Structure formats: structure tokens, C-alpha cells
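Residue 1 is where the sequence shown starts when you use UniProt numbering, and the numbers rise one by one after that.
C-beta: ideal position from N, C-alpha, C; glycine also.
Since the model is a prediction, treat every value here as computed from it, not as a measurement.
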Amino acid sequence: MEGPLDAVDLARWQFGITTVYHYFFVPITIGLSLLVAIMQTRWMQTRDPQWLRLTTFFGKLFTINFALGLVTGIVQEFQFGMNWSDYSRFVGDIFGAPLAIEALLAFFLESTFLGLWLFGWGRIPEKLHAACIWLVHIGTVLSAFFILAANSFMQNPVGYAINQQTGRAELTDFVAVLTNPVQLVTFPHVVSAAWMTGGAFVLAFSLWHLWRDRTPAADRPMYRKGAKLGAWAVIVAAIVVMISGDVQGKVMTDVQPMKMAAAEGLYEDVPEGVGAPFSIITVGTLDGREEIWAVTVPKLLSYLATGSLEGAVEGIDHIQERYELTYAGSELTAAEDYRPVIPVTYWSFRLMMGLGFAGMAIALAVLWALRGRGDEHDETRLVGGRLWAWAGALVLFMPLLANSFGWIFTEMGRQPWLVMGLMTTQTGVSPGTTTAEVLTSLVVFTLLYGALAVVEVGLTLRYGRAGAEPVEADASYDPARRTDDDAFVFTY
1 MEGPLDAVDL ARWQFGITTV YHYFFVPITI GLSLLVAIMQ TRWMQTRDPQ
51 WLRLTTFFGK LFTINFALGL VTGIVQEFQF GMNWSDYSRF VGDIFGAPLA
101 IEALLAFFLE STFLGLWLFG WGRIPEKLHA ACIWLVHIGT VLSAFFILAA
151 NSFMQNPVGY AINQQTGRAE LTDFVAVLTN PVQLVTFPHV VSAAWMTGGA
201 FVLAFSLWHL WRDRTPAADR PMYRKGAKLG AWAVIVAAIV VMISGDVQGK
251 VMTDVQPMKM AAAEGLYEDV PEGVGAPFSI ITVGTLDGRE EIWAVTVPKL
301 LSYLATGSLE GAVEGIDHIQ ERYELTYAGS ELTAAEDYRP VIPVTYWSFR
351 LMMGLGFAGM AIALAVLWAL RGRGDEHDET RLVGGRLWAW AGALVLFMPL
401 LANSFGWIFT EMGRQPWLVM GLMTTQTGVS PGTTTAEVLT SLVVFTLLYG
451 ALAVVEVGLT LRYGRAGAEP VEADASYDPA RRTDDDAFVF TY
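Structure follows, in C-alpha cells:
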């Protein structure tokens, strides 16, 4: 359909809105599950009740985000059949395999052991109980692995063959799908970014309680521990993000050169030996073709793309011409324009990196401010407390938004391809879907997700403001003092 309310565009908006919204919860749950597991392990090692209180405090916040992530994620798979049936018919044999394993193996692993962890305090042995939360984290990481394997096939299709009789892509090598070069670099990049987000979450709430006046003096050393743990998680994870991101950029240049060129708005080829610059910020025409003013780092783009300061980088115009010659003969691959939306790719790429670096800088500043062991009975707070409160609020959103901008760049930078080199987005939409149907579901999902956002933020703030509850005298956490009549610990 043509016009401003084209069904393809509405289907893309719907998938984009639901995916970005869902992905707010994914890195939080992956990162928090690891840090809660570390907190509980530290409690078992030290028997320090502060670590137990932090475990239960952030465990509740993790559970809230896990539940919202589960609810919002269910919608994703329905869209493949409702709005993108031609895509599902063409590559469902390949794309569906890792998603099925994710649901049957990883999701059931994390959800089952999360239930055991939530209601197992004092009912199962301590070591087994701690193993449950570690298995929850392993389950979240496995979920990410299989989902990313499916997405990596869309970025760089491997392990398939086209059945000429059915006109479908069929799976021929599942190992190749799981070891896709894009997958092998994307997986550590995404998981480490999730660890960074989880660390920022712990850091933000710990800083807030460390700063506010109503926090009891005896609780400040506990939140100091939480802030340090969160800050270290942000920094260590950020280092892995940078290393994996550097490798990912070079793999991306090999399999999706248009995406790398679009990330810089580079229209003309830069030959070997010259070195393509990378602009920190540019003022120019909307499509990036004409530059008015820019702050650039010489030869950095060549290094990001090739690993050499003087490596050749192909420009948008040349790639467009090559794609026109290569893909013009097929209904599934022909397109008038193989360029993504340049302003979106340009700015999402920089916002992703800029927010990540800013979050890392705040974490480093916090560690410097909290250096030394500190006095367990010190009632003073961080110098410049209100400033640290703002820093805590900002650090929560920086890695979270960096994750979202990273996915926007990844998916928008692939356009107009639904599956790189095999199917354009225009050809993947359901043929019987009308504009009115997609618009109706788009409005309903957007309103529903808005309501869920109010619930999620309300619950997170309610339990986040309450802080860590005293648990030293609570028999619920001691198997020797617990009876079968005691209430479950985590019901609320």
C-alpha cells in the first residue's frame, strides 16, 4: 500500500516500539541476576547481614523487571506471524530454530530456578539456593545467545540453502548459525552491555540511599558496598563492551559495509593509505552529504572499520551502485534505495558510544569518591551529596539508553534489508494485513505498554525508595529456625 499510512511502515513502527520497550528490561534482568548472585555468594562467604539485605533488596527489584520483561516479550513472536508472515514463511525454518530452543531450554531454565530462588529461602539448603540464582543468570545469558543467533542470521545469513521448488530458505547447518561471525562478536558485546546496565542500576539506587538524609547511619556502610559493587561492574563490563565493540565494527564492515559507511555519513570512498576520519559531531545537511562544520578525529573511522589507520573505507554512493547491480534481478532483493536513514544511523551510533563512555566516567568518579575502606560507623555522606544524587539518577539511564540506541543502529542500519542480501523489508510484510489492522494493534500495544510502564516505574520506585529491609532476626532466611507454617519470603 502507498501513502503516509503504509502498512509496511506501520508494521515497522509497531515492531520498533515493542522491541525497544521490551529491551529496556532485558539488560536490567541479565545484569541484575549476576549482581544479585554475587551479593548472595558474598553473604554466604562472610555471613555479613549487609550482603543479605542487599541481596533481598535488589532481588525484589530484579523480580519486578523480570516479570515486565516476560510480559512485553510475548508480543514479539506474535508479530512474526501477524505482520511479517512472508518473512516467517521464507526464513522461518532457520529463524525459528534458535528461538524455539531459547523458549524450551533457556527460558524454562531461568523461570524455573527463579521460582525456586524466590520461594526457597530457608526451605532448601543454602548452597543449592544460591545455585538457583546463578542458574537464573545462566538462563538469561543462554536466552540472549539463542535470540542473538536468530538476529545475527538476519545481519549475515549463513547455514542455509534456497529450495527452488518451495521458494524458501531451509536450514542446512545449525552449527554455522550458532557460530555466525556476527553472532560471535555480538553476543559478548550485548551481554557485557547488560552487565554494565545492571551495575548502573545497583550503583544508582545505592548512591541515592547513601546520599539521602533519612538513611540510618548504620545502613550507610551497606549502601557504600552496593555502590562500589555497582561501580566496579560498570567499569569492568564497559572494558569488555569496548573491546568487543571494536571487533564487532570490523566484522560489520566485512558483512554490512553500508552500515559502517552510514554510521559516518561517508558518501565517497576513502582509498588505502589516506585514512578516513571519524566525526564526533557534525553540522550539515540532513542526509549528511554536505558538511558545514564538524569535530573529527583523523583516521579513526579507518581504524574502526579495518584495524588500520590508513585502511580503505567504501563510501555510500559506491555501495549503492554495487548493490543495484547485484540485487536488481530478484523480487525479494530489488530496491530503489539501499541506503538506511543516515541521520538515524549517524546519531544513534554516537549516542550509543557517548552514553556508554559517560556512564563509565561516572562509575570511575564514584570509585574515587569512595576510595578507602571507610569507617563502618561514619555518619557522613559523600561530599557534594546532591551532585552524587544527580549522578546516580543519570548513571541509571546512560547504559540503559546506550543499549537502546545500539539496537536502533543495528536494526535501522540494516535497512532496507530484512535479511541481508536475501529479502528486503518491503517484501516481508504479511500480504493480507491492512493499514487499519496494523494501526489498531499499534495503538493498542502502545497504550498497553504505556500502562505497564506506569506499573513498572511505580513498583520500582516504591520498593527502591523503601530500601533494604532488616533481615538479621528474620527466621525466614535460616533453615534451622524455619517452620512449614512460615510465609513465603518474596510474596508481596
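Terminal residues of the continuous beta strand (DSSP E) containing residue i?
i: N160; result: Looking at the sequence itself, residue 160 is Tyr, so the reference to Asn does not match. 160-163 is the span of the beta strand (DSSP E), which, as asked, contains Y160.
i: W293; result: 291-297
i: W417; result: 417-419
i: A97; result: Not the beta strand (DSSP E): A97 falls in the alpha helix (DSSP H), residues 85-101.
i: R462; result: Where R462 is concerned, there is no enclosing beta strand (DSSP E), although the alpha helix (DSSP H) it sits in stretches over 435-466.
i: R168; result: 168-171
Which value, in whole angstroms, describes the spacing of the CA atoms of residue i and residue j?
i: R414; j: P340; result: 7 angstroms
i: A130; j: G139; result: 14 angstroms
i: I319; j: P343; result: 18 angstroms
i: V247; j: V185; result: 7 angstroms
i: G307; j: P98; result: 32 angstroms
i: L301; j: P257; result: 12 angstroms
i: I362; j: F58; result: 21 angstroms
i: A103; j: G199; result: 26 angstroms
i: D48; j: T18; result: 42 angstroms
i: L207; j: S111; result: 30 angstroms
i: D375; j: A358; result: Because D375 sits at a pLDDT of 47, beneath the cut-off of 50, its placement in the model cannot be relied upon, and the following sentence gives the value as read from the coordinates. Cα to Cα, the separation comes out at about 29 angstroms.
i: V8; j: D213; result: 53 angstroms
i: V395; j: E437; result: 40 angstroms
i: G329; j: A335; result: 10 angstroms
i: R371; j: R289; result: 48 angstroms
i: T55; j: L10; result: 43 angstroms
i: L459; j: A466; result: 11 angstroms
i: A238; j: L148; result: 20 angstroms
i: T446; j: T434; result: 18 angstroms
i: A294; j: T63; result: 45 angstroms
i: R224; j: V255; result: 45 angstroms
i: T410; j: G16; result: 12 angstroms
So residue i and residue j are supposed to be a Cβ contact under 8 angstroms. How far apart are they, rounded?
i: I133; j: A37; result: 4 angstroms
i: F95; j: A150; result: 5 angstroms
i: V241; j: A204; result: 18 angstroms between Cβ atoms; not a contact.
i: V202; j: L178; result: In fact, because the Cβ distance is near 32 angstroms, the residues do not count as touching under 8 angstroms.
i: Q14; j: S404; result: Actually they do not touch by this definition, with Cβ atoms about 17 angstroms apart.
i: H189; j: S244; result: 4 angstroms
i: A305; j: V297; result: Going by Cβ atoms, the distance from A305 to V297 rounds to 13 angstroms, so no, they are not a contact pair.
i: A389; j: W211; result: 5 angstroms
i: S143; j: F174; result: Incorrect: roughly 17 angstroms between the Cβ atoms, too far for contact.
i: V136; j: S33; result: 5 angstroms
i: P277; j: K250; result: Actually they do not touch by this definition, with Cβ atoms about 17 angstroms apart.
Spatial neighbours of residue i within its chain, please: CB distance less than 7 angstroms, with the 5 preceding and 5 following residues excluded, ordered by chain position.
i: D86; result: T427, G428, V429, S430, P431
i: N163; result: E170
i: G69; result: H22, F25, V26, T29
i: L286; result: P343
i: L105; result: L142
i: S88; result: F80, G81
Can you list, in chain order, the residues of its chain with a C-beta nearer than 8 angstroms to that of residue i? Leave out the 5 residues immediately preceding and following it.
i: residue 509; result: Given that the chain is displayed from residue 1 to residue 492, the structure contains no residue 509 and the question cannot be resolved.
i: A262; result: I316, R339, P340, I342, T345, Y346, G413
i: V457; result: none
i: W407; result: T19, V20, Y23
Can you tell which of the options has the C-alpha that lies nearest to the C-alpha of residue i?
i: F146; options: I162, L459, A161, V191; result: V191
i: Y303; options: G275, S279, T326; result: G275
i: M154; options: L351, V75, G464, L422; result: L422
i: G167; options: F90, R220, L54; result: F90
i: A227; options: I64, T460, L367, F107; result: L367
i: R322; options: D337, G311, E310, Y463; result: D337
i: T197; options: I235, I74, P416, E310; result: I235
i: P416; options: A369, K259, L118; result: K259
i: W84; options: M398, P470, T425; result: T425
i: V270; options: D254, G311, T253; result: G311
i: Y463; options: T46, P221, H209, F113; result: H209
Could you please give the first and the last residue of the uninterrupted alpha helix (DSSP H) stretch that includes residue i?
i: E264; result: 257-264
i: W347; result: 342-369
i: Q40; result: 7-46
i: Y323; result: 316-327
i: Y267; result: Looking at the DSSP string, Y267 is not in any alpha helix (DSSP H), and its letter there is neither H nor E.
i: S430; result: No alpha helix (DSSP H) contains S430, which DSSP labels as neither H nor E.
i: W195; result: 181-211
Enumerate in chain order the residues of its own chain whose CB-to-CB distance from residue i is below 6 angstroms, with the five nearest sequence positions on each side excluded.
i: A176; result: V158, G159
i: V66; result: Note on identity: in this sequence residue 66 is Phe, with Val being the wrong assignment. Excluding positions up to five away in sequence, the list reads T29.
i: E264; result: L301
i: S279; result: A294, T296
i: L401; result: L355
i: L109; result: G139
i: G392; result: A204, L207, W208
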